[in-house]
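In this text, residue positions in the sequence shown follow the working numbering: the first is 734, and each later residue adds one.
Comments concern the structure below.
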Amino acid sequence: MLRTHTCGELTTKHDKKEVTLCGWVHRRRDHGGLIFIDLRDRYGFTQIVFDPENKEQFAQAEKVRPEWVLMITGTVRKRVEGAQREENPTGGIEVLVEKIVVLNESKTPPFEIDRPSPAEAGLRSASQENDVGEELRLKYRYLDLRRNRLQKNLQLRHDICQQIREYFHKNDFIEIETPILIKGTPEGSREYLVPSRLYNGNFYVLPQSPQQLKQLLMVAGYDKYFQIPRCFRDEDQRGDRQPEFTQFEIEMSFCEEDDVIKVMEGCFIQMTEKVRPDRKIQKKPFPRITYADAMNKYGSDKPDLRFDLEFTDISEIVGDCGFKVFSDAVKEGGVVKAMKVENGEKLSRKDIDVLTELAQTHGAKGLAWLRVGEDSGPVAKNSTPEFLEALNKATDAKDGDIIFFAAGAYPHALEPLGEVRKSVAAKMELIDESVWSYLWVVDFPMFEKNAEGEVGAVHHPFTRPHKDDEEVFQKDPLSARATAYDLVLNGSEVGGGSMRIHERDLQKKVFDTLGITDEDADRRFGHMLNAFEYGAPPHGGIAMGLDRVCMLMAGEPNIREVIAFPKDQKAKDLMLGAPSPIPEEQLKELGIEVAEE
């Protein structure tokens, strides 16, 4: 090794020791005839001192600029009284230079590697690195990755992966890698196609998930599987999506829903306590709530339970309320929900206008509301006194409270109020950020219809019907629940799973419900159907979004901050310049001709 120690390693116990350090110049300061350099690597900073009496080394130090790569040999010495920096692990020492070697120079970076050094503590804010535009950061990602923020995030990601592997190894799971080049079996999102050179006109696809392969491993007898696989989806990029992402997942044979949940819950408890010991888990074991209760009480299938703001069903008291929006909703078979917010005077009319816009962006026509005791708001002005009295009783509302409403078809009419609930909690500072609220949402519907009336699987077509709904599934599949479960952390879904179908006839019935013909099922999923005829065991599993878990544990606003080389929000790699054109001869070899737009 070129170095004897890292830049975050030396302390007063190394006093008078000769050492060699390698790193990047973070800052250079000229103070009263002495030159100080803060040398940086991913472990920390060490203050380097150049004495003018060592003229050759001092002259070299005068030429040094930020981000130059140096090898420094010198002697460790304790800092003088008053110059120590207790907040820095190396703040009690400095290295007096005997020899400097410039390993490489650097152009002036397009942005500052804004990691405040100990000498700047209290003078600069680490948040200043957020002032750099993301496009520039992604273009020069190799420089962005030198920053403290991203180095901490990638270290956290590594630690999380280590905890995952340690936990599942300890629980007798076997890590098995599944292929990246597989057969195309569209299940919703568009797939990335990979042309075959050897079989002209044929294609592999990149897996959206190893779903079918891990089920086939259960058929093969590997009763406890886990993997941290890469997955790919060629979908329109919205906000927090990446065309390639990472999961961690398990599959188990001879198990029930409760077994899968308990195993994954144990993983998250260990991971949280080891990686983020500063966060308190709200409840252990994690609470469970049905999909129906989650929607009815919170307007979301991934509710944040760090605060209350629970909905009240007022459908039974709106018949003659005088407010037509409510009464019509119930007449048409819908529901009306109320959400009481105490100390509503903290919300100004401008705040309510912002909440109304939020509700509208999530599908509502508007946002009904009233201030209790003031007769203000559209509901109070158009309702009977009897209804207002019954409303206050039903919601236990008091003067000064504000009530927001949702009215319409269940469950979609409740979703805008669910978004309002989250925004109100943030605005009124109801969320304890030191607490982590894990929650299992169970008993999802098995199927749903889209806007065009087409039937789709809520999770995926291999999900098993709920054991209490087997007869319902045979007679009225669209009313059946699934044996499916999602894990939620602080209002964000981090993953989901289900018990799987392991019988050919039941799987064919699900395909029929989804409008998949026998011919299409055999073409797309014949390998699964055939495998189920060779003693497939009962099995189930779950997959977690590793990027999202890392994002939440790092406290970052998006997953790009926890991925080393992410794509931008348009699925472009700004650093590599991908996607990019392919030479004509290479396309010809693959039998591909690109149509002009």
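Idealized CB from N, CA, C, for every residue including glycine.
From the listed residues M1277, Q1240 and P822, the smallest Cα separation to G1259 is found for Q1240. Comparing C-alpha distances from K840 to each of K957, L871 and V797 shows the shortest one belongs to V797. In this structure, D1280 is the residue among M1286, E1329 and D1280 with its C-alpha nearest to the C-alpha of Q975. The three-state reading of DSSP puts Q1302 in coil, since its state is none of H, G, I, E or B.
In the structure shown, S1212 falls within a helical segment according to DSSP collapsed to helix, strand and coil. Of the other Cβ atoms in all chains shown, 16 or more fall within 10 Å of the Cβ of H1199; this residue is therefore buried.
Counting of Cβ neighbours within 10 angstroms places H891 among the exposed residues, the total staying below 16.
Here the alpha carbons of I994 and A953 stand approximately 23 Å from one another. Contact check for L754 against I805 passes: the beta carbons are separated by less than 8 Å. In the structure shown, the three-state DSSP call for K750 is coil. When secondary structure is reduced to three states using DSSP, A1217 falls in the strand class. About 4 Å separates the beta carbon of E1226 from that of K1035, a gap short enough to meet the 8 Å contact definition.
In this structure, the CA atom of F1001 is about 11 Å from the CA atom of W1169.
A direct Cα-Cα distance of roughly 20 Å separates D1084 from E1043. Put simply, the region 1172-1180 touches the region 1208-1218. At least three CB pairs are less than 8 Å apart. Linking M1028 to E1152 through their CA atoms gives a straight-line distance of about 12 Å. In the three-state reduction of the DSSP assignment, S986 falls in the strand class, which pools E and B. In summary, Y1267 is exposed, with fewer than 16 beta-carbon neighbours lying within 10 Å of its beta-carbon over all protein chains present. Taking a contact to require three or more Cβ pairs closer than 8 Å, the region 1007-1023 and the region 1316-1327 do not qualify as touching. DSSP assignment within the region 862-901 yields the following whole alpha helix (DSSP H) runs of 4 residues or more, N-terminal first: 867-872 and 874-877.
One Cα belongs to A1113, the other to E1107, and the distance between them is close to 9 Å. Beta-bridge partners of H764 (DSSP): L767.
Note on the region 773-824: whole beta strand (DSSP E) runs with a minimum of 3 residues are 777-783 and 802-811, in chain order. Proximity of the region 922-931 to the region 895-912 falls short of the contact definition, fewer than three beta-carbon pairs being nearer than 8 Å.
For the options F1120, H902, Q793 and G1133, the alpha carbon positioned closest to that of L836 is the one of Q793.
For E1294, the closest of M1284, Q1302 and K1303 by C-alpha to C-alpha distance is M1284. Its chain contains A1113 as the residues whose beta carbon lies nearer than 7 Å to that of L1121, once the 5 sequence neighbours on both sides are disregarded; these appear in chain order. E984 sits close to L950, with the two beta carbons spaced by under 8 Å. By the Cβ test, the region 1155-1163 is not in contact with the region 1185-1203, since fewer than three Cβ pairs between them sit closer than 8 Å.
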